[in-house]
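All remarks here apply to the structure that follows.
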Amino acid sequence: WGYDHYEFHLPYHYIHDFCVLDMSSFYLDILKDRLYVMPPDSKERRSAQTVLFQIILALSKLLAPLLAFTAEEIWQNLPEAETREISVHLSDWPEINEQFMSEELEKRWDKVIKIRKAVNKAIELARQRDFIGSSLEAKVKIYITDEEIRNHFSAKELADIFIVSQVEVSNQNLSDFDYKDEEDLGTEVKVLKAEGEKCERCWQFHPDTGKDEKYPATCPRCASVLKKLGYSLPV
1 WGYDHYEFHL
11 PYHYIHDFCV
21 LDMSSFYLDI
31 LKDRLYVMPP
41 DSKERRSAQT
51 VLFQIILALS
61 KLLAPLLAFT
71 AEEIWQNLPE
81 AETREISVHL
91 SDWPEINEQF
101 MSEELEKRWD
111 KVIKIRKAVN
121 KAIELARQRD
131 FIGSSLEAKV
141 KIYITDEEIR
151 NHFSAKELAD
161 IFIVSQVEVS
171 NQNLSDFDYK
181 DEEDLGTEVK
191 VLKAEGEKCE
201 RCWQFHPDTG
211 KDEKYPATCP
221 RCASVLKKLG
231 YSLPV
């Protein structure tokens, strides 16, 4: 890590790259939808919050030797916990929870990240020709060469990961595609217009948007959430 030998530039770069590459441009980007849209007590939102809490807990400890006051300020503003030390500088170094370590899972997500990069390139090409604006305006038709990935993730899960409104997974090569990943997995991607209308709450497109009488401008998911929250539209 570099701390033992006073090579502080090493942990700085590790932490910076994690925050920028793994968190900001990937994980947090995907999480926004469930954090903003789902009910406060939903499993989807609470699980995301739990992971984020564990991440900020570890990051504040890792940053403490470099940014003593910043790390302490973060620590003092975290949600209360009886088991937590009164200062980050009195806490133990983060320990890896072995039950969350999985080489198989890591390899699977490495593939997903490569597939997502291929989808992003196809979406960018569609933007350049003014076919779509936001990625949520897109429906992605995709051929994934890796059978394990095809079988493990549902189309809805892939749509959440790609940040598009819909995904159609093909079991064979596409006759027409916007982008093909020639370097890694051979992923083929075709960008289509998303089906349905735009939901005014989550901005995703859905064929049944506008069909709920009480919440006419929302998709079925958002209408269900608003009903659960007991929200009434202003008169």
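Each residue of the sequence shown is one higher than the one before, counting from 1 in our numbering. Don't be surprised by glycine CBs; every beta carbon is placed ideally from N, CA and C. Here the structure is a predicted model, which means the values were calculated and not measured.
At a cut-off of 7 Å, would you count ARG34 as near the ligand ZN, judging by its Cβ distance to the nearest heavy atom? Judged by which ligands are present, the structure shown has none, so any question about the ligand ZN falls away.
Expected contact under 8 Å - CB spacing of ALA194 and ALA138 to nearest Å: Residue 194 sits at position 194 when you count from the first residue of the sequence shown. Residue 138 sits at position 138 when you count from the first residue of the sequence shown. That belief holds up - the Cβ atoms of ALA194 and ALA138 are roughly 6 Å apart, short of 8 Å.
What is the residue span of the beta strand (DSSP E) that LEU192 lies within? Mapped onto the sequence shown, residue 192 falls at position 192. That run of the beta strand (DSSP E) goes 188-193.
Contact set for ASN173: own chain, Cβ-Cβ below 8 Å, skip 5 residues either direction: The residue given as residue 173 occupies position 173 in the sequence shown. Answer for ASN173: TYR143, GLU188, listed in chain order.
Sheet register partners of HIS206 (DSSP bridge): Counting from one through the sequence shown, the residue named residue 206 turns up at place 206. Paired residue(s): GLU197.
Please list the terminal residues of the continuous beta strand (DSSP E) segment that includes GLN166. In the sequence shown, the residue the question calls residue 166 occupies position 166. Unbroken beta strand (DSSP E) run through GLN166: 166-170.
If we ignore side chains and look at the alpha-carbon of each, how far apart do PRO39 and LEU31 end up? Residue numbering aside, residue 39 sits at position 39 when the sequence shown is read from its first letter. Residue numbering aside, residue 31 sits at position 31 when the sequence shown is read from its first letter. About 14 Å.
Could you please give me the residues that DSSP links to TYR245 through a beta bridge? Absent from the structure is residue 245, since the part of the chain shown begins at 1 and ends at 235.
If you run the structure through DSSP and keep just helix, strand and coil, what is LYS180? As a first step, residue 180 is located in the sequence shown; it is residue number 180 there, counting from the start. Reduced to three states, the DSSP call for LYS180 is strand.
Measure the alpha-carbon distance for ALA118 versus SER135 and round it to whole angstroms. Counting from one through the sequence shown, the residue named residue 118 turns up at place 118. Counting from one through the sequence shown, the residue named residue 135 turns up at place 135. Their backbone Cα atoms lie some 13 Å apart in a straight line.
Neighbourhood of GLY2 by C-beta, 6 Å cutoff - its chain only, sequence neighbours within 5 removed: Against the sequence shown, residue 2 aligns to sequence position 2. Excluding positions up to five away in sequence, the list reads LEU10, PRO11.
Please confirm if the region 160-176 is in contact with the region 202-220, defined as three or more CB-CB distances below 8 Å between the two stretches. The region 160-176 is in contact with the region 202-220.
Any idea if ILE93 is buried or exposed, counting beta-carbon neighbours within 10 angstroms, 16 or more meaning buried? Residue 93 sits at position 93 when you count from the first residue of the sequence shown. Here residue 93 is Trp; the residue named in the question, Ile, does not match the sequence. Exposed, by the Cβ-count rule.
For ILE149, which residues in the same chain have their Cβ closer than 6 Å to its Cβ, ignoring the five residues on either side in sequence? Sequence index remark: in the sequence shown, residue 149 carries index 149 (1-based). LYS111, listed in sequence order.
Between the CA atoms of ARG45 and GLY237 - distance to the nearest angstrom: In the structure as shown, the chain starts at 1 and stops at 235, and residue 237 therefore has no counterpart that could be examined.
ALA138 bridges to which residues according to DSSP? The count along the sequence shown starts at 1 and reaches residue 138 at position 138. Its beta-bridge partners are LYS193.
Check whether the Cβ atoms of LEU57 and LEU78 lie closer than 8 Å to each other. Residue 57 sits at position 57 when you count from the first residue of the sequence shown. Residue 78 sits at position 78 when you count from the first residue of the sequence shown. Yes, the Cβ-Cβ distance between LEU57 and LEU78 is below 8 Å.
Quick one: using the 10 Å Cβ neighbour count with 16 as the cut-off for buried, is ASP22 buried or exposed? Stepping through the sequence shown from its first residue, residue 22 is reached at position 22. Result: exposed.
Hey, could you find the ends of the alpha helix (DSSP H) TRP75 is sitting in? For the purposes of this step, residue 75 is identified with residue 75 of the sequence shown, where counting begins at 1. DSSP places TRP75 inside the alpha helix (DSSP H), whose first and last residues are 68-76.
Can you round the beta-carbon distance between LEU185 and ILE113 to whole angstroms, since I take them to be within the 8 Å contact cut? Taking the sequence shown and counting its residues from 1, the one referred to as residue 185 is at position 185. Taking the sequence shown and counting its residues from 1, the one referred to as residue 113 is at position 113. With a beta-carbon spacing of about 11 Å, LEU185 and ILE113 fall beyond the 8 Å limit used to define contacts.
Could you work out which residue in LEU192, GLU183, PRO220, GLU182 is closest to GLU200 when comparing CA atoms only? The residue labelled residue 200 in the question sits at position 200 within the sequence shown. It is PRO220 whose Cα lies nearest to the Cα of GLU200.
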